[in-house]
Amino acid sequence: MSRGAALAFLKGCREGMHLFGQNIALIINTILLTAVYVLGVGMTSLIAKMAGRHFLETRMKKGEKESYWKDLNLGKKAVDEHYRQF
Numbered sequence: 040m041s042r043g044a045a046l047a048f049l050k051g052c053r054e055g056m057h058l059f060g061q062n063i064a065l066i067i068n069t070i071l072l073t074a075v076y077v078l079g080v081g082m083t084s085l086i087a088k089m090a091g092r093h094f095l096e097t098r099m100k101k102g103e104k105e106s107y108w109k110d111l112n113l114g115k116k117a118v119d120e121h122y123r124q125f
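Numbering (my numbering), first residue to last: 40 to 125.
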């Protein structure tokens, strides 16, 4: 076997391993992200629906304004209220 044939063989093996790695990574990432989405987002949504919790206030009560804007009532506060905000 000549040196050129050996290098071509090794180059082909390297490209094949690279493609194999990409395909395996795609499959594993898809499975992991689907599981995280179903367990994380799905379970949170299910528990929130059972508890009657709405994370976005999209329903308007009759007679209210036609806007989702919330007045924050940002007035002047005492200096002590700015310490330890969380």
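Beta carbons: idealized from backbone N, C-alpha and C, even for Gly.
The alpha helix (DSSP H) enclosing residue i, as first and last residue numbers
i	result
GLY43	42 to 75
LEU78	Segment: none, LEU78 is in no alpha helix (DSSP H) and carries neither H nor E.
Alpha carbon of residue i to alpha carbon of residue j, nearest angstrom
i	j	result
ALA117	ARG123	13 Å
ILE66	LEU49	26 Å
VAL80	ASN68	17 Å
ALA45	CYS52	11 Å
TRP108	THR97	11 Å
PHE125	LEU95	22 Å
MET99	ILE86	23 Å
ALA64	ALA90	38 Å
Where residue i falls: helix, strand or coil (DSSP)
i	result
MET99	coil
GLU120	helix
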